[in-house]
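Mapping the sequence shown onto numbering that gives the first Met the number 0, position 16 (from 1) lands on 15, and the numbers just tick up by one. Virtual Cβ for every residue (Gly too), placed ideally from N, Cα, C. Treat the numbers as computed from the prediction; the structure is a model and nothing was measured. Everything below concerns the one structure shown next.
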Amino acid sequence: MQKIGFIANLDKLGVGEVTLELARWLEQRGVEPLILKSNAVKLGCPWWGAEPETLATANCVLSLGGDGTLLRAARIMAPWGTPILGVNLGHLGFLTEIEVKELFPAVEQLLLGRFRIEERMMLASYLERQGSQKQFWALNDVVITKGAFSRMLRLEVYIGPYYLDTYRADGLIISSPTGSTAYSLSAGGPLVSPQLQVMILTPICPHTLYARPLVVPAEQEIRVRVYTASAEVMLTVDGQQGINLIHKDEIVTTRASFPARLIRLRDRSFYSLLREKFREGG
């Protein structure tokens, strides 16, 4: 039996109704719906609820919401290798593949196997503090930033074993190629094709004229040591997970051992998508 998973942003208007309607539609066609357990409880259908390891048994997972929902779905499902189809019920929808009005015909194509998989590089990041380590995954970026009333940070950066520089800045963005169209771009970073395997370092409001974005090979390890006299320093992952940083914390980032596997139903290039979405955003 085929299985289709769901990860939904139920805070968006109409997402809950669409999720339930599609789940019933699939069940009528002999397809087992699996809904992320926290979503299923909120929707009042716990019998369809599934933990991530069970969702991983699905043929694919639908991300229902917007780009933020897809980022969350990627962090949950990428370690399992489960393909994700992004469905946009939000605004710009740069990462999502289809709009909600296309949902049912698109799922029919999925069930017939008429799609391709595009792999996107994921980031693996570790917070090292006094001998302990906490791990994060990211599809877009890992960001170190100061609080609203903090002084500027001093960020000591190493690429592999080599010292790069000590940035005096409001923060630093470490981005994947996918994330090059997000926060990194707004901070002056380059647009990077998702076909490349690289990481982009983009300082936020650096207090030196020569500090510029830097692109490094994905197999390198970027180590950032944080020096700050303020407690208001934050590490954020894909703009969704956050943890407060303290003096001399170290953040180590490199390419994850697995990619995010995104389902593509259309034959369109990254460059045509740039043209289309930036025109809409403008």
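- With contacts defined by Cβ atoms closer than 7 Å, R167 and H206 form a contacting pair.
- Around Y157, the same chain offers L163, R222 as residues with beta carbons nearer than 7 Å, after the five sequence neighbours per side are excluded.
- Exposure of I116 is indicated by the presence of fewer than 16 other C-beta atoms within 10 angstroms of its C-beta.
- In the displayed model, F114 falls within coil according to three-state DSSP, outside both helix and strand.
- Contact annotation: P202 and L171 have beta-carbon atoms nearer than 7 Å.
- Per the coordinates, the alpha-carbon of K36 lies some 49 Å from the alpha-carbon of L208.
- Between the alpha carbons of R265 and C59 lies a distance of about 17 Å.
- Remark: C-beta atoms of L244 and V236 do not approach each other more closely than 7 Å.
- Classified as buried, Y182 has 16 or more neighbouring CB atoms from the shown chains inside 10 Å of its CB.
- N58: not part of any alpha helix (DSSP H); DSSP gives it neither H nor E.
- Straight across, the Cα-Cα distance linking E96 with V30 is about 22 Å.
- Taking C-alpha positions only, L152 is separated from V214 by approximately 21 Å.
- Excluding its 5 nearest sequence neighbours in each direction, V197 has C-beta neighbours in its own chain below 7 Å: P176, V191, V214, V215, P216, A217, listed in chain order.
- Relative to the Cα of L9, the nearest Cα in the group W24, M0, I34, K2 belongs to I34.
- Here K11 carries a coil assignment [DSSP, helix/strand/coil].
- T180 sits away from E220, with the two beta carbons spaced by 7 Å or more.
- For I172, the enclosing beta strand (DSSP E) stretches over residues 170 to 174.
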